[in-house]
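Numbering (the numbering used here), first residue to last: 700 to 964.
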């Protein structure tokens with residue numbers, strides 16, 4: 700027996716575990732589960748398939764990954780979960796499979812999901828995200844890289860959280876959260892630029908100057924959003940304001956558009 704697998708763990712015969720995978724006491728790993736090198740699975744964790752987990756992940760005790768979605772449209776199909784490398788998934792986190800066949804709930808690399816986070820069907824989490832305790836993501840939520848999500852909040856289905864956004868704890872997030880912003884409240888409002896997060900992400904003084912100008916245009920100019928979008932096009936020599944423009948436009952024109960969280964009044 701592999702000495703890295705506790706004798707009380709239950710491993711399906713068709714599960715594929717790298718020889719360096721560690722599995723703790725009473726963990727359950729089901730059919731069609733694949734786990735990469737140096738991943739640690741804590742005691743009493745449950746992983747159901749189809750699920751693929753990459754390298755160097757730490758899955759803490761009692762996490763449940765790959766269970767059927769909480770969606771009445773689900774008909775016992777072969778949807779899946781994909782998790783990248785270097786993620787920390789804390790106690791009692793739940794990550795559900797997608798609703799329909801060949802669809803995926805996907806988590807990228809180097810993310811921290813604190814205890815009691817729920818990731819519903821068809822969610823997409825990119826890279827280097829921090830989600831604090833007791834956050835619930837509804838179906839099809841998309842969180843972009845380097846976002847920080849405060850504790851005990853809910854995010855409505857189909858909502859997008861822009862990269863480098865920071866969401867304050869206990870907020871209600873029912874519309875798209877623009878990238879690079881700090882958002883807080885119930886109802887939630889854009890409060891300011893996420894300046895500390897932007898500096899930590901390596902943005903230059905010039906990048907931040909462009910974003911400050913865009914922020915003032917968005918929230919303090921008195922212009923309509925359509926007028927703001929026209930003016931933002933003139934900022935597109937900067938990659939960050941160009942991306943902000945693209946995000947805002949998609950939020951009001953995209954197929955699954957939810958609209959944008961407004962600024963404070």
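For every residue, glycine included, the Cβ atom is placed at its ideal position computed from N, Cα and C. Nothing here was measured: the structure is a model prediction, and the numbers come from that model.
*Please list the segments of the beta strand (DSSP E) lying wholly inside the segment 818 to 896, counting only runs of 3 or more residues, in order along the chain.*
880 to 884 and 887 to 892
_Within the continuous beta strand (DSSP E) that includes residue 806, where are the two ends?_
For the purposes of this step, residue 806 is identified with residue 107 of the chain shown, where counting begins at 1. Start and end: 803 to 806.
*Would you identify the three-state DSSP class for residue 790, choosing helix, strand or coil?*
The residue given as residue 790 occupies position 91 in the chain shown. Residue 790 falls in the coil class under three-state DSSP.
*Under 8 angstroms, do residue 746 and residue 729 count as touching if we go by C-beta distance?*
As a position in the chain shown, residue 746 is number 47, starting the count at 1. As a position in the chain shown, residue 729 is number 30, starting the count at 1. Cβ distance < 8 angstroms, so residue 746 and residue 729 count as in contact.
*In three-state DSSP terms, what is residue 771?*
Here residue 771 corresponds to residue number 72 of the chain shown, with the count starting at 1. Residue 771: coil per DSSP, three-state reduction.
*Under three-state DSSP, which class holds residue 956?*
In the chain shown, the residue the question calls residue 956 occupies position 257. Here residue 956 sits in coil by DSSP.
*Going along the chain, which unbroken runs of the alpha helix (DSSP H) with 4 or more residues stay wholly within the segment 894 to 936?*
894 to 899, 904 to 919 and 924 to 931
*asked:* By alpha-carbon positions, which one of 826, 948 and 761 ends up nearest to residue 786?
replied: Within the chain shown, residue 786 is the residue found at index 87, counting from 1. Of the candidates 826, 948 and 761, the one whose C-alpha sits nearest the C-alpha of residue 786 is 826.
_On the criterion of 16 or more Cβ atoms from any shown chain inside 10 Å, does residue 820 qualify as buried, or is it exposed?_
For this step, residue 820 is matched to residue 121 along the chain shown. Buried, because 16 or more other Cβ atoms sit within 10 Å of the Cβ of residue 820.
*Integer-rounded CB distance, given that residue 848 should sit under 8 angstroms from residue 829*: Start at 1 with the first residue of the chain shown, and residue 829 comes out as number 130. Start at 1 with the first residue of the chain shown, and residue 848 comes out as number 149. Indeed they touch by this definition, with Cβ atoms about 7 angstroms apart.
*Quick one: using the 10 Å Cβ neighbour count with 16 as the cut-off for buried, is residue 862 buried or exposed?*
Taking the first residue of the chain shown as 1, we reach residue 862 at position 163. With 16 or more Cβ atoms within 10 Å of its Cβ, residue 862 is classed as buried.
*Run through DSSP, which three-state label would residue 750 get?*
As a working note, residue 750 is residue 51 in the chain shown. Residue 750: strand per DSSP, three-state reduction.
*Since residue 919 and residue 932 are thought to touch, with beta carbons under 8 angstroms apart, how far apart are those beta carbons, to the nearest angstrom?*
The residue you call residue 919 lines up with position 220 of the chain shown. The residue you call residue 932 lines up with position 233 of the chain shown. Wrong, their Cβ atoms sit about 19 angstroms apart, outside the cutoff.
*The beta strand (DSSP E) enclosing residue 963, as first and last residue numbers*: Counting from one through the chain shown, the residue named residue 963 turns up at place 264. From DSSP, residue 963 is part of no beta strand (DSSP E); its letter is neither H nor E.
*Enumerate in chain order the residues of its own chain whose CB-to-CB distance from residue 748 is below 7 angstroms, with the five nearest sequence positions on each side excluded.*
Taking the first residue of the chain shown as 1, we reach residue 748 at position 49. Here the set comprises 729, 730, 731, 732 and 765.
*Determine the DSSP secondary structure at residue 757, reduced to helix, strand or coil.*
Residue 757 sits at position 58 when you count from the first residue of the chain shown. Of the three classes helix, strand and coil, the one that applies to residue 757 here is strand, per DSSP.
*residue 731 in three-state terms, based on DSSP*: On the chain shown, position 32 is the one that residue 731 refers to. It is coil, neither helix nor strand.
*So, are the CB atoms of residue 797 and residue 779 less than 8 angstroms apart?*
One-based indexing of the chain shown puts residue 797 at position 98. One-based indexing of the chain shown puts residue 779 at position 80. Going by C-beta atoms, residue 797 is nearer than 8 angstroms to residue 779.
*On the three-state DSSP scale, how would you describe residue 949?*
Translated into the one-based positions of the chain shown, residue 949 becomes position 250. Correct three-state label for residue 949: helix.
*Nearest to residue 875 (by Cα), restricted to the options 712, 961 and 760*: Counted from its first residue, the chain shown places residue 875 at position 176. Of 712, 961 and 760, the residue nearest in Cα terms is 961.
*Smallest Cα separation from residue 846: which of 740, 720 and 882?*
Sequence index remark: in the chain shown, residue 846 carries index 147 (1-based). Looking at the Cα atoms, 882 is the closest of the given residues.
*In terms of residues, what are the limits of the beta strand (DSSP E) holding residue 765?*
Residue mapping note: residue 765 aligns to position 66 of the chain shown, counting from 1. 763 to 766 is the span of the beta strand (DSSP E), which, as asked, contains residue 765.
*Would you verify that the beta carbon of residue 911 is, or is not, closer than 8 angstroms to some beta carbon of chain E?*
The structure shown has no chain E; it contains just one protein chain.
*Run the CB neighbour count on residue 709, radius 10 Å, all protein chains shown included, and call it buried at 16 or more, exposed below.*
What you label residue 709 is simply residue 10 of the chain shown in a count that begins at 1. When all chains shown are included, residue 709 counts as exposed.
*Helix, strand or coil for residue 703, going by three-state DSSP, please let me know.*
Counted from its first residue, the chain shown places residue 703 at position 4. If DSSP states are grouped into helix, strand and coil, residue 703 belongs with coil.
*Which word fits residue 793, buried or exposed, when buried means at least 16 other C-beta atoms lie within 10 angstroms of its C-beta?*
Position 94 of the chain shown, counted from the start, is the residue given in the question as residue 793. Residue 793 should be labelled buried.
*Leaving out five residues on either side along the sequence, give the residues of the same chain with a beta carbon under 8 angstroms from the beta carbon of residue 916.*
On the chain shown, residue 916 is found 217 positions in, with the first residue counted as 1. So the qualifying residues of the chain are 922, 927, 930 and 931.
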